[in-house]
Structures are given as C-alpha cells and as structure tokens.
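Residue numbers (the numbering used here): 3 to 910.
Notes to accompany the following structure.
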C-alpha cells in the first residue's frame, strides 16, 4: 500500500491552506521539506516491524497495536486494549550499568540523607477566616505551636507546609481539635507590634499515616510506585527552618543576606539563594542543593525607582504621557510603604497613577474639598516638594487613596515576575556566572550555613544530612570520528575536548546557491563594507565545498529597519524580475546590533510570505571579519539550503548499534510556552525527524500551535472530517514518516523519540498519550505497521551539577575548569531502578556546565546502557550549526529552535 494513499483516500496534513514554505529554516533539513503529502508516493513493502534483537521481550498488553481511528484504514486490532490510565504503564527498568569510556571520579551536589524509622503522621489544617498568604498561615501556626506545644501538642514539633498539611513524628494526643489564636498583623499579613490584632480559628484533624517502609521498598526496587506521601513529609520538614529565615519561591529560598544583591537596571536587582529538594536515588535518599538567583524589585524610594524606569531625572519637570504610562506599568501591583509617618510604615498595593499632577488633585473631606498638598501639610506636617508629579492610586479601586510618590518606598522582597529585557538578562547572567570551583565552594558554604545538624525539625523527625558532596565513579565516553568530503585535505576528524574547526575540510554534501541577494539594515555599516563582507562570506562558502555564485542577483540594498516589510518584498520582486522568473534562493541580511523586533519580522516575512531562506548577521561581525565566524555562518547556510556539513564515520561504515542495521528514524520534540501572564498566547509544539538513513544527520521539522500551557503534543496524530474526502488522517508524526519514506525510499523500521521539557510528575501522562499517538500514526499508514519505539525524556531544567574531583587536575577538566565532554554518570545519584543517566556532552565555555539528564521511559528496541549512552553522546557531535559538541541531542535542539522560530509568527 503506498503511504501517500491509505484506504482509498488521500492522506492529509494539517487542515487549512498550504504553506509556501515549511517552518524549517533554522533546521538541518532536506531540500524537499516535509509537507502535506499528495498521491504518487513510492510503493513500500508490506509487513510488520523490522527484526528484533535476540532476547527481545514479547510485546506486553501495554505495547499492543492501537487501531487507527479513521474511516477506510485497515489495522490489526490489539489482543488486549492499551492502558487507559498511567497506572497501566511500568516505566523502563535499567538494563544494567554502562562500562564504555575512561573511568574517573566526579563530585555531585547531592548530600546523603539518612532517616530514622519513625511513624510519620499527616493532619489536615483549616484556618478560619481563610488566609491566602503562606507567610501569614505560617505565623498563625507558629504562634499555635509556641502556645500549645508543651500541653495540647504533647511536646511534638510539627512541620507545616503553609497551606493545609501539618506533619508530626508520631501521633498527637488528639485526632481532632480546634484552637483559637490571636495574632497582631499588619495589612501585609506580617506580625508586628504596631499592627492590629485578629482572631483565627485553627482546626487540626488527623488525615493519614505516612509509612517510610514503602519508601525503603521503592529504593530497593521491590515497589514500582514512588511513595509521594513520605517524600512530601521529608521535603516539608527540611524546608521548615529555611521557610522561616528566607523568602520561599517554589523550591528555592532567597535573601539579600545570602549574597549582596546586584543591580540589573530599570529598578531591579538580583537576589541570591539556594534550591533544595529531596529525592530517592540508588545510594538512598539524597538532598540536592544548588545555588540560584532571580530578579527582585529594588526597595527604592518610589521617585528613585521612577527615575530608573524613564532613565532621567523625573523631579525636574512634569511627566510626559508616555513616561507616565511606563512608570504606571512598572508600579502596578507592587507593594509600597509610607515614609511620612515616622515609625508607622503602613503598606499598600499600587493599582495605578493619577492622570493629573499632585497639585491639581482635590477630594471631599468633612463636607469640603481639599487639595492633596494641603491635606498632607495639615494632617502630617509633610510638605510635598514635587507637586508636579502624579500620585499613586492605592487601596480600593472604587474608592482609591492618593499617595504622593515622594512619601512612598518600594517594599523589600517582591519578586519580579514579568519578562526581563535583554540588558537585564545579560546583567543577571553576568552576576550568576561562576567557575566550577567557586560554585562548589558556594554550595558547601550553603550546606554549612543551613546547619542541618542543628535543625530542630530534622532532629524531631530523625533526619541526618551529610555535609559532603557525593563522590561518584563516572566515565568519559570517547568522541566519535567525523566524516567530511574526500576532496578536502582532512576527510576525517577526531574532535578534541568537544570541539574542532573547518580548517582543511569541506562539507560532506555542499549545497548549490545560484541566486542570492543582500540587504543592509544597519546605518553604521557602509554599503561598500557590507558588500565586501557578503563577498567574503560567499568565498568562504565556496572554500568549504558549496557551489555558491560569487555575484548577487541584484546589487546590495540599504534600508532603515522600519522599512523592513516593504524592502523585503521589493528585493524579492526585483530579483524575480532580473532573473526572468527564476526565484531568489537566499537572502543575506545585515542587522543593527540592537534590532528589537526586526529579526523576527524578517524571518516571518521570508518564511511565511516569500518562501525564501535568509541568513542574518550582526553589524559587529561585519566590521571585524573573523574566519571562524564566516565558517560558522557558512555551515548554517549549507544546511538551510539542503546540504550536510558532516556525518558520523560509524554511520558510513554502518557500525552504529540499533541504528545502522535497519532503517531508523530519530525524532526530537519540544513544547514551548508563553510567559505566565500571556494567557491569550498559545503554546507551540515542534517535532523534527531525521530524513537520511543511515547517516541520521539531516532533519525536517513541523510546528503546531496548541492550547495555552498544554504540555501534551496535540497534533502528533489526528483525524478530521473533510467534506470531499470524508475522514482524513494526519498529524506531525505521520507527515514526517511519509517524508522519511520519500527521502530514503524506505519506511522506518525503528523509532527513537527524544522528548524535551517534561518533569518527572508528567512522565506517565506524556508517555501514555504520545506513545499512543505514535502507534496510531504508524497504524494509519499501513496495516500491521508498528515499528518498535524507544521513548527518551531529555531534561535540562534540573539542579544536578557535576564537578571534577580535583579542580587543579588539568587532565580531567576542560579549559573552563569543567568536567570533560562525554562524562556520563548512571549510578549513585540516578533513579533506584529506572533507566536514566546524566551526560555532559559539551565542553564548557564559561560558568559551570550542566549535564543533560536522559530518562528512557519506554524501550522496545532493548538498548543496553552503553548503546543508549554512546548513541546519545555521538549524536551531540552532529549539530549542524557549529563545530562543537552540544549539550543536548540535536533533534531536541532543533525542535526547540523550530518552536522558538514559530513564536515570531504567532506574535503577529
């Protein structure tokens, strides 16, 4: 059955009008991009999946074939139905430990936690009237413990999560009791001597016991399900003291006292802190401690804060409407405290600014109208010195209060939750970037300052935390040999410490660029300089083995950034006219160093309206022409135009285990989400797949928008009704399988699926949904077509750091002082029973390298630990956009780039 015609109906892609250009310009891709398939594809052999390795386990009920949910498609019904809930899935168990590579010792920021065998008990807590602030809840329960610990609580020291759960080591003398607590609190919910007293009822009721025996059974591999209850108790206990000392943000704690805050600009500063989490590992319970930092609003007088926002002295003249709006946006929802009433520092939340200056504001009081200036003078003896500035609007929006800006100060400890600008991001990265030795020292210092050995809650619950980082026997996997074109002086290359260069090498498959043009949007770059740069770039492309026309189709065009839309279309049409109907293939664009939305506009117009590849270069690189930079840009151009830069030598000689033996397709998938407050923007899912076998170097990609913050990829497989064709099947997996079939002439007999961006709590849900979608996509193409699937989660947002055992030993570190690329860890700090490992596949440049965490959730191909780790490490050397190994497998990297690129389209 041809894959382009299934069940007598033409297979469909995503519904809607066809795209002129697939959204793939940043990906290493085939010249024929993946698109909605039409009729006329090559015939493909019938039959089931490819051969299994010896000893492959029989397909279980969880692995049964799912019938395609579309009319006219014949599929084999499963012997038993697939699991309908995550509890029906058992994640892949570790097949053994890896042995490949050179052995070495590394240290991890994991600290062994020993727990005495005590009876842990959970109680429900209900506070009336209801309080939303966790800090307020903690203050109420802390007062309860202070008053009643020695009597009603039977000397128990409970740990409280700030919401509705209270934990004790052993039972309390009662099962249910209500306490009345009187506490003085201010408007911000913080206890204080000058605040008014309130009465609260606290009801405590027995809920359940948390048995540590289940946790020990889980770590020993005798119980499949992780006992979340026991882990939750231990986590709350170890966070109790830190919650009292510091400001808690998710799993991290921050304080201006941990390290001196650093200014980030525009009224923000960085606060330093630490991340803390307890988890089960092979060595037992482990406490993961890492340094962290985030942005806080600087506790400035409001006038000084406003001056930072508008970048000028706001006290000297009235605010313009534009500046007033900027200050209003920056102050909205911030808490301020008054400074004009001595020790009374009442706090308010700002909801706006007055449209009039302070000296024009009047309000009714005692049956007369009084100005704000007069009121503050008569009531508080406070003279307003900047009456030309607006007032803050605070309190109730229906009956607002006016507060002069000069009488207020920003309250300390307010985390900034909006998006940082580029300057602030650069400043934050600069102050948080630490060499590995310094990072390790800070972690040691944090553990010492936290004083777990003196923690009264840890003692109460019998928890002992080691003060030593965990030493682990790791291995350094060798770098793979890379293959370049035989016409170069060096046709084979062995990377050294994760990097190499293009000297004496030519790309393995050079692209052809006959028709190109260039646009200069930078006023600081003269036209002659820009033309010279483009000629140098064209020459570099030719030296690296591409067929690149030395002359542009039309002369360089210079324009202002605000003319981008018109200029791009003008240049495209001018070239079309000059080439007498032949289309422009490539556009070189020179951008100002600070280009705002220009880059996104160029990509959006070129890729969704003109069907044109583009390569952007910043002005700073045009002035200082660097051969390495030109070579890197040339590599990007080659893959955009359908070429391949390098391939693994083992791929040429068919020596990659579980890839080279039968046609294998490697997928990468990612979902990116909009900012938390942008709830009207969709999430974007991207899936890429290899299109060349056995080389597995060239990828095609597809993107789809889906519901806001939806993590499951909705369009992996789908069916819909077409008025002419009836029920039609499609989706990203299906399209990419067909694209692979067209590109290679063979159908994939093995699937390896790398999935990014999933937390441990979502493993079962994502596997259940997306594995099912993969199977349905396969079954919709051909009856009984079910290639074995290996499903691997890739995680970068974790807090495990690996350090060299001896920072002075240059033989075991790279130039930045980090562990060597290829360092892999699959023992001690990894999951007690499941198939996971940490791999640092890249060389550090600055700061401390973070290894990627790979977790194999499902494996029908029966990879050994060495096979999976070596394949993953080797793939990291095939990233097309640079001559360095990268930190995550390229298909995941490409999927992330595709989703990020699609965000430019969605923003429009």
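Where a beta carbon is used, it is the ideal one built from N, C-alpha and C, also for glycine.
Being a predicted model, the structure only gives us computed values, none of them experimental.
Cβ-Cβ distance between residue i and residue j below 7 Å
i	j	result
residue 821	residue 806	yes
residue 705	residue 459	no
residue 521	residue 407	no
residue 373	residue 364	yes
residue 860	residue 738	no
residue 241	residue 279	no
residue 690	residue 893	yes
residue 146	residue 204	yes
residue 581	residue 555	yes
residue 857	residue 828	no
residue 356	residue 393	yes
residue 513	residue 643	yes
residue 540	residue 552	yes
residue 256	residue 801	no
residue 711	residue 685	yes
residue 665	residue 748	yes
residue 793	residue 765	no
residue 867	residue 103	no
residue 874	residue 891	yes
residue 489	residue 470	no
Own chain residues within Cβ distance below 8 Å of residue i, not counting five before or after
i	result
residue 436	293, 444, 849, 850
residue 652	482, 483, 658, 662, 876
residue 211	121, 122, 123, 124
residue 525	562, 594
Neighbourhood of residue i by C-beta, 6 Å cutoff - its chain only, sequence neighbours within 5 removed
i	result
residue 757	671, 795
residue 692	667, 668, 698, 701
residue 56	Because the pLDDT of residue 56 is 36, which lies under 50, any placement of that residue in the model is unreliable, and the question is left without a value.
residue 493	486
residue 339	347, 349, 411, 413
residue 136	164
residue 563	523, 600
residue 590	520, 536, 617
residue 898	672
Sequence-distant residues of the same chain with beta carbon closer than 7 Å to residue i, five excluded per side
i	result
residue 271	263, 264, 265, 298, 300
residue 885	501, 502, 503, 504
residue 927	Absent from the structure is residue 927, since the part of the chain shown begins at 3 and ends at 910.
residue 375	360, 361, 386, 389
Coarse secondary structure for residue i, derived from DSSP in three states
i	result
residue 26	Reliability fails at residue 26, whose pLDDT of 33 lies under 50, so the model's placement of it is uncertain and the value that follows must be treated cautiously. DSSP places residue 26 in coil when its eight states are reduced to three.
residue 450	helix
residue 58	Note that residue 58 scores 37 on pLDDT, short of 50, meaning its location in the model is unreliable and no value can be drawn from it.
residue 723	strand
residue 565	helix
residue 284	coil
residue 585	coil
residue 857	strand
residue 234	helix
residue 148	helix
residue 200	strand
residue 733	coil
residue 776	helix
residue 765	helix
DSSP bridge partner residues for residue i (one or two, in chain order)
i	result
residue 626	Paired residues: none, contrary to the question.
residue 106	476
residue 755	669, 793
residue 126	167, 207
residue 179	206
residue 111	Residue 111 is not bridged to any residue.
residue 365	372
residue 701	692
residue 466	116
Contact test: residue i Cβ vs the ligand MG heavy atom, cutoff 6 Å
i	result
residue 448	Inclusion of the ligand MG in the displayed structure is not the case, the ligand content being empty and no account of it being possible.
is_contact[residue i, chain B] using C-beta, thresh 7 Å
i	result
residue 217	This model lacks chain B altogether; it includes just one protein chain.
Practice item. Only counting runs of 4 or more residues, tell me where the alpha helix (DSSP H) segments fall wholly within the segment 371-446, in order along the chain. Key: 374-382, 424-434
**Study point:** Ordered list of alpha helix (DSSP H) runs contained in the segment 248-312, each at least 4 residues
**Key:** 304-312
**Study point:** beta strand (DSSP E) runs contained entirely in the segment 495-574, provided each spans 3 or more residues
**Key:** 518-522
Review point. What residue ranges within the segment 587-618 form continuous beta strand (DSSP E) runs of no fewer than 3 residues, ordered along the chain?
Key: 588-593
Practice item. Starting from the N-terminal side, write out each stretch of the alpha helix (DSSP H) that is 4 residues or longer and does not extend beyond the segment 808-879. Key: 867-877
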